[in-house]
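Sequential numbering from -15 applies to the sequence shown in the numbering used here. Yeah, the Cβ is synthetic: ideal placement off N, Cα and C, and Gly gets one too. The structure presented is a predicted model; accordingly, all values stated were derived computationally and were not measured. Beneath this line is the structure, given in structure tokens, with notes to follow.
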Amino acid sequence: MSPTEKVDGGRGATNGISTRTAAANDAAPIAMLLTELNETVGVNGLPAPECYAPEQARVSPEQARRRMERMQSVETVLIAEVDGAAAGFTALRIVPYLDQDAPYAEITQMHVRPEFRRQRVGAALIEAAEAMAKAAGATCVHIITGNNNVTAQDFYVAVGYEQVCFEFEKFFEMGDAPHA
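If you want it as structure tokens, here you go:
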């Protein structure tokens, strides 16, 4: 799929919503969306209270561009737009694993701007990610969200997901290593 190809085949314009694979020139809106997400729920991979520090939450367009470039072979970023405005994003990873020959998929991050919630933007992102996962032969989609993120948990249940396990995390001492 080309970076600008619409994931929904161009048909997903319900309520002016379109979803597509994010490209390098989407770094600024992705940075803005990721910063909003980080400010709301904390930065993935960092322990509390460090994950809530403003200096950790902010993502510059250059950081977003560099991160998107680094993860290109592993993860796909999808962006949702409403009438041309960045409304949300999700990141999808297709993962081979030992249990079976087919991969599974994982939605690693997702955020919809508050002013676009309850307008099917999140559902459009999920549908686009699921379509990509199915096309890649994935048997299921995993989504991890915080224990205290009840709004996201309720949304995932509403779009057909169920809680099936617990996740554990161990943080490593990173010293002064940058999290850019």
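Distance, residue j Cα to residue i Cα
i: TYR81; j: GLU90; result: 12 Å
i: TYR140; j: GLU146; result: 8 Å
i: ALA108; j: VAL125; result: 15 Å
i: ALA48; j: GLY26; result: 16 Å
i: SER57; j: ASP67; result: 29 Å
i: ALA113; j: LEU62; result: 8 Å
i: GLU39; j: PHE73; result: 22 Å
i: PRO(-13); j: ALA6; result: Model confidence at PRO(-13) stands at a pLDDT of 37, short of 50, so the residue's coordinates are unreliable and nothing is read from them.
i: ALA32; j: LYS154; result: 12 Å
i: CYS149; j: MET52; result: 29 Å
Buried versus exposed call for residue i [16 or more other C-beta atoms within 10 Å across all chains shown]
i: ASP85; result: exposed
i: ILE128; result: exposed
i: ARG4; result: buried
i: PHE152; result: exposed
Neighbourhood of residue i by C-beta distance below 8 Å, restricted to the same chain and skipping five residues each side
i: ALA120; result: ILE78, PRO87, ALA89
i: ASN(-1); result: VAL66, GLN103, ARG104
Cβ neighbours of residue i in the same chain (closer than 7 Å, five flanking residues each side left out)
i: PRO45; result: ALA11, ALA12, ALA15
i: ALA122; result: ILE78, ALA86, PRO87, TYR88, ALA89
i: PHE100; result: VAL66, ALA71, GLY72
Spatial neighbours of residue i in its chain, beta-carbon cut-off 6 Å, leaving aside the 5 residues before and after
i: LEU18; result: VAL43
Closest residue to residue i among the options (Cα-Cα distance)
i: ASN132; options: GLU20, GLU111, GLN56, THR24; result: THR24
i: ASN9; options: ARG101, ILE1, ALA70, CYS35; result: ALA70
Distance cut-off 8 Å: residue i Cβ against heavy atoms of the ligand MN
i: GLU20; result: With respect to the ligand MN, the structure shown offers nothing to examine, as it has no ligands at all.
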